[in-house]
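If you read the sequence shown in our numbering, its first letter stands for residue 557, the second for the next number, and so on.
Just so you know, even glycine gets a beta-carbon here, dropped at the ideal spot from N, CA and C.
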Amino acid sequence: MISIVIPAYNEDKNLEILIPRIKFVMELTDFEYEAIIVDDGSIDDTFNVLKKLKEKHSFLKTINLKENSGQSKAIWEGFKTAKGETVITMDADLQNDPQNIVKILESFEGIEMVCGCRKKRQDNWIKKTSSKIANFIRKKSLSSPIIDSACGFKAIKKECLQKIEFFDGIHRFLPDLFLRQGFKVKQIEIDHKPRMHGKSNYNIRNRAFKAFFDLIKVKFKFYDKK
557 MISIVIPAYN EDKNLEILIP RIKFVMELTD FEYEAIIVDD GSIDDTFNVL
607 KKLKEKHSFL KTINLKENSG QSKAIWEGFK TAKGETVITM DADLQNDPQN
657 IVKILESFEG IEMVCGCRKK RQDNWIKKTS SKIANFIRKK SLSSPIIDSA
707 CGFKAIKKEC LQKIEFFDGI HRFLPDLFLR QGFKVKQIEI DHKPRMHGKS
757 NYNIRNRAFK AFFDLIKVKF KFYDKK
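Here it is as structure tokens:
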């Protein structure tokens, strides 16, 4: 089974489009599948939208977090619920094209993770620039070959997660932590689309500085320990 885990915060309009698209793509494959939407304390109409979508789509499951806990916590809750041997993660904002699910699954053979690399990113210059800087620092600090660690589109062998210790911010470092455990990680280019509805929750204050301190934590806890 394939489990598709999607964290969502205030993505009501995007989810109405995303879920039917996932169904269309997955019905073209032979895989049994489920989609798990983790509502990360949304304050828009996400809860009601998901309730209606569940009535239409039997493959859809939802987890409702009482408060906004962040992307890492939301994804991890989805991991714990997932029944599939393979878990795909993707964003809810439609910037990750569901069509790329097939491409990722085709690459997922004899390895433990496929990590997407966003080509021609459709983000504003602040987000793109800060991401480039963060990736540069991370690659230098961890001697990492991973190009786009924070890309939400990944395929993961679920059993490997048992060897990964959760911490807030882990979603940015999962590919590096997999490599650290000796797992095989493959990187592939994926499409990146403009956001259709809503606005990004990204800003320099709530992401860039936290990512820097998370990097320090990862460096000393998982790389420099004897």
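(request) List the whole-angstrom C-beta distance separating K714 from V643, where the pair is believed to meet the contact cut-off of C-beta under 8 Å. (result) The pair is a contact, with the Cβ atoms about 5 Å apart (cut-off 8 Å).
(request) Please report how far the alpha carbon of I720 lies from the alpha carbon of S625, in whole angstroms. (result) Approximately 19 Å, taken between the alpha carbons.
(request) Please name the residue, chosen from E668, R677 and A564, that lies closest to G597 on a Cα-to-Cα basis. (result) Distances from the alpha-carbon of G597 to those of E668, R677 and A564 put A564 closest.
(message) For F587, which residues in the same chain have their Cβ closer than 8 Å to its Cβ, ignoring the five residues on either side in sequence?
(response) Here the set comprises M557, I558 and L661.
(message) I'd like to check one pair, H753 with K607: are the Cβ atoms closer than 7 Å?
(response) For K607 and H753, no; Cβs fall outside 7 Å.
(message) Starting from R751, trace the alpha helix (DSSP H) in both directions and tell me its first and last residue.
(response) Careful: R751 lies outside any alpha helix (DSSP H) and carries neither H nor E.
(request) With distances taken Cα to Cα, identify the nearest neighbour of I667 among P731, G634 and I693. (result) The shortest C-alpha separation from I667 is found at P731.
(message) With a threshold of 8 Å, are at least 3 pairs of Cβ atoms found where one atom belongs to the stretch 646 to 660 and the other to the stretch 732 to 748?
(response) In short, these stretches touch, since the Cβ pair count reaches three.
(message) Less than 7 Å between the C-beta atoms of K733 and V741, yes or no?
(response) The sequence shown places Leu at residue 733, rather than the Lys named in the question. When the beta-carbon positions are compared, L733 and V741 stay at least 7 Å from each other.
(message) Only counting the same chain, and skipping five residues up and downstream in sequence, which positions put a Cβ closer than 6 Å to that of V594?
(response) Excluding sequence neighbours, V594 sits near P563, I619, A630, E633 and G634.
(request) Could you check what DSSP says for R694 in three-state terms: helix, strand or coil? (result) Residue state, collapsed to three classes: helix.
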